[in-house]
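Just add 78 to wherever you are in the sequence shown, counting from 1, and you've got this note's numbering.
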Amino acid sequence: MASSHRSSPVPQSNTSDIFFKKEVDAAKRFQPMQSLPDVCPKEPTGDPNSLCDSPSLVADQHRWTIYHSKVNLPAALNDPRLAKRESDFFTKTWGQDFVDIGVVPSLYLPQINKEHFATYQQEAVQREKLHEKCKTICSPKDTFDRTLLQTHDKSRTDLEQVPKIFTKPDFALEDPLTFNAVLPWSHFNTAGGKGNRDAASSKLLQEKLSHYLDIVEVNIAHQISLRSEAFFHAMTSQHELQDYLRKTSQAVKMLRDKIGQFDKVMCEGSLKVLRLSLTRNNCIRAYNKLKLMATVHQTQPTVQLLLSTSEFVGALDLISTTQEVLQQELQGIHSFRHLGSQLCELEKLIDKMMIAEFSTYVRNDLTRSLEEECHVLEEERLISLVFGLLKQRKLNFFEIYGDEIIITAKNIVKQCVVNTVSQIEEIDTEVVVKLADQMRMMNFPQWFDLLKNVFSNFIIFLKRIKATLNVIRRVVLVVLDKTVKSKELGATSAQKNSAKDSTIDTEVAYLTHEGMFISDAFNEGDLPFSAGDSVSQRNLSPDSEPSSSDSVSEPECTTDSSSSKEQTSSSTTPGGIEMMIGEDMKLSELELGRLANKIQDLLYSASDICHDRSVKFLMARAKDGFLEKLNSTEFVALSRLMETFILDTEQICGRKSMSLRGALQSQANRFVNRFHEERKTKLSLLLDNERWKQADVPAEFQDLVDSISNGKIALPEKKPGAPEERKPTDFLLVDGQKYAVVGTVLLLIRIILEYCQCVDNIPSIATDMLTRLSDLLKYFNSRSCQLVLGAGALQVVGLKTITTKNLALSSRCLQLIVHYIPVIRAHFEARLQSKQFSMLRHFDHITKDYHEHIAEISAKLVAIMDSLFDKLLSKYEVKAPVPSTCFRNICKQMAKMHEAIYDLLPEEQTQMLFLRINASYKLHLKRQLAHLNVINDGGPQNGLVTADVDFYTGNLQALKGLKTLDLNMVEIWEQKR
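In structure tokens:
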């Protein structure tokens, strides 16, 4: 009844062999026949797969199939970018280049040919033959269709008389609404007096329902008559199907009996062995788990024991191992549910203990007596603390060390001041309470000794810090080296494991009663442990897997409460102690590298701190201008002491600290200013009191000049107890030349040497000293010019006049300074940097100024005689007696000039000066002779003039050193044209 009315009749039993044969053939081809969907749900048969294997209209009606897919073909084919539609629909371009671009054949789709349809053709031939046979049996299709159509129309007309309520799928008389609709009781519940009509209505309703029943039964009978042949054929096929199922059941029973025998003989014993082996392994695991739990239970007492001996690294390793075991091996065990949080709190407590312990260690190390050797205090303890801090990522421990360095540096200075003040009886500590005030009451030797003591203590302090930081830094570098090696080893092992895993092929069988793989029973203990195994696998011995069924080796748990993990590597630390570095170190290579650099920077910071405390100590003493009042010797000693300390700290720490050097430079600049102002003031006073007379040269100044000639620019040291037997000399001998000098120049040379020696003692002030010395030399040149050439000495000193002797002496003094300028320049050049050589140009300018000044003095001497010649020769008359009075006066003045300058100036300069004077004399005489119209004609006047000139020449050449002087007196006569 469930089949459609359009279904064709099924063949009779004479075709059952064909159907049976087709089913056998299908079974041979392993192609199961698909059953029609069943609208009724099947009853459960006990097979869990039977409820879901068969298709169902109820379950499959909402399942998506390819028939649900929809596409708007015009929207896909219409291209709005084309101007007009193409005439050929199938060649219409989908895009600009659709036709031109060929389709590349897919590499994943095979080439289809007729051979692929051979199997289908064979099956289709069989079905076609069957179809032809069915056509001969069944009635013609058109006659059957016409009859069926007429019958269908008549039955549909009859069925339309039946109300639709009876054909609804949810029809149920239990529903009051449905019941009232089918049996309207309202007709029977009306008031009395209408009983006859109600009975008629009831009878009419009964007849109507009977009519509906007849229509339905007629249609059912009609449908059965149409399906009669199929019904009888199904009944016949049912008997054949039952015979076929009986034979199949017997074959299945025989097969199961054979499989049962196979199972007993061949499989049951082996499976039992595997089950027993698996049970044994489970027992071993349970035993090891219990041992592991017993060990974990002892963790807290063991940690307390390790902390009592300051074994922080061992305690942390034990806590880390226990936490890992709890997370991986003992997870979910109720008795250990609070142990993890307890261990975390214990770990935080250890962190605080390590920081406090490190602070105590640092304080004890830095505050111990500075008289002890610079060895590391309790090196083993320091190494243990550093390893523990690194393990817990407490990388700020170096900040604790830095704070302690600052505090200890302050205390070192304070203690040194207290110790020194206590030894000085002049300082009453009860009256003067502050240490700074007590320090200011010291004189320079006492304060200098105190500063020396502070510097020496700081050097010991820095050496001690360097030794400690070297140990810490080496520990960090050991951990860094281990981290790098572990990383490389891990990468190598990962490559090996990946290569090995690619070659392992394990056959896996499933044990249904245990729910595990058989390969697990064999692989435990046989496969090597990898780096990623759990902690228990690291702690268990690899030979825990039994070698045979009768030999059981119980593995011992290697987790020791007093040691760290098994997988550790020993590395020799600087203290000679082998520490176990765990592989679970939480620091990366970058962090360890930064930490090592910060530790090195901490040493630099310690040096800076010592320098800063020294600067404050220096500035505290310099508040009352104490340092500015030091003399050259004291300041040089102070400068050398500070330079030595700076160099020592640079050698210890390997880096320059600029604070103390800057303070020294600042004080040096102040010293240079005061030094220069004192010398300049002294020189000014000397020049203002200088009478410009030749001074005697003491022997010490001659020694000073001699030392410069020997290449040593320094003040000679006074020999104690040596008697002064040598007398002063009239001249200063410099490189074989005599220099007549005034007393100011002798002191100026000494001042110049003091400048040079100050540069030697304090190299950092070379540029400032060069500038100040240049200023001093310029001042001497300008001031001496004002006093001598400018005649300023007449008002300042009270001289009556500036004589030629004063002028010559001034010139000779300037020449002496010019002589030493190249020596001074070379001295400064050797002490300047190459980029500072440009400052040497000051000496070139000074030399030029001095030469110009000397030339002006020479010109002044010539000008004096020139004015004398002009005055005397303007009154000259050619007459007897000979020599004339004019020439006698001229010769007399020339003799005085020679007498004044001969002992002061060298012979060459005297000759050059007199040549210039003689040139001036000839000019004035020639002009006067021209005025008198006296010519060289051999006449009487010419003879008188010649006699006077010969007198002049004889007197001039008779002067000392001028005998060979070429006077060339012919030039006084006008040349004849």
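Here a beta-carbon is modelled for each residue, glycine too, at the ideal position from N, C-alpha and C. In this text the structure is predicted, and so the values were computed from the model without any measurement.
Taking the Cα positions, I724 is about 11 Å away from C731. Minimum Cα-Cα distance from Q284 among the listed residues P262, G418, L1010 and P961 corresponds to P262. Taking the Cβ atoms as the reference, N535 lies roughly 5 Å from I490, within the contact range of under 8 Å. Spatial neighbours of K246 in its own chain (CB-CB distance under 6 Å, excluding positions within 5 residues in sequence) are not present. Between C964 and Y954, the C-beta gap is smaller than 7 Å, which places the two residues in contact. For L448, there is no enclosing beta strand (DSSP E), as DSSP marks it with neither H nor E. In the DSSP assignment, the residues bridged to V775 are T807. Assigned with DSSP and collapsed to three states, Q524 falls in helix. Ranked by how close their Cα comes to the Cα of F915, the residues R903, L950 and Q328 have R903 in first place. With respect to the 7 Å criterion, Q470 and D429 are classified as neighbours on the basis of their beta carbons.
Beta-carbon to beta-carbon, L680 and F476 are separated by about 5 Å, close enough to satisfy the 8 Å threshold. Within 10 angstroms of the beta-carbon of T438 lie fewer than 16 other beta-carbons, which makes it exposed.
Within the same chain, and ignoring the five residues on either side of F809 in sequence, the residues whose Cβ sits closer than 7 Å to its Cβ are V775, K816, Y817 and A818. Rounded to the nearest angstrom, the gap between the Cα atoms of V750 and I843 is 8 Å. Note that the C-beta distance between K938 and L885 is below 7 Å. With contacts defined as CB atoms closer than 7 Å, V454 and A569 fail to qualify as a contacting pair. Y817: member of the beta strand (DSSP E) spanning Q815 to Y817, first to last residue.
DSSP lists Q815 as the bridge partner or partners of V812. Between V351 and T399, the alpha-carbon positions lie close to 36 Å from each other. Counting only residues of its own chain and dropping the five nearest sequence neighbours on each side, G466 has a CB closer than 7 Å to the CB of F390, V391, L394 and M432. Listed in chain order, the non-local C-beta contacts of H289 below 7 Å within the same chain number zero, local neighbours out to five positions each way being set aside. For the pair I505 and Q493, the CB atoms are not nearer than the 7 Å cut-off. At a Cβ-Cβ threshold of 7 Å, S888 and S862 count as neighbours. Remark: C-beta atoms of L468 and V557 approach each other more closely than 7 Å.
Excluding residues up to 5 positions away in sequence, F906 and M917 lie with their Cβ nearer than 6 Å to the Cβ of L848 in the same chain. Less than 7 Å separates the beta-carbon of L742 from that of M720. Taking C-beta separations shorter than 7 Å and ignoring five residues to either side along the sequence, the partners of L825 in its chain run L764, following chain order. For the 7 Å CB-CB criterion, E435 and L463 form a contact. V875 sits in coil when the DSSP states are folded into three classes, being neither helix nor strand. Only residues of its own chain outside the window of five on either side were considered, and among them C964, H1002, L1003 and Q1006 have a CB closer than 7 Å to the CB of L951, listed in chain order. In this structure, the beta-carbon distance from T807 to E768 does not fall below 7 Å. Counting the other CB atoms within 10 Å of its CB gives F539 a total of 16 or more, which places it among the buried residues.
If you compare the alpha carbons of R551, E402 and L408 with that of M371, the shortest gap goes to L408.
Taking a 10 Å sphere around the C-beta of A773, we find 16 or more other C-beta atoms and assign the residue as buried. At least 7 Å separates the beta-carbon of T727 from that of S683. A distance below 7 Å between beta-carbons, with the five flanking residues on each side excluded, links G418 to the following residues of its chain, in chain order: Q401 and L404.
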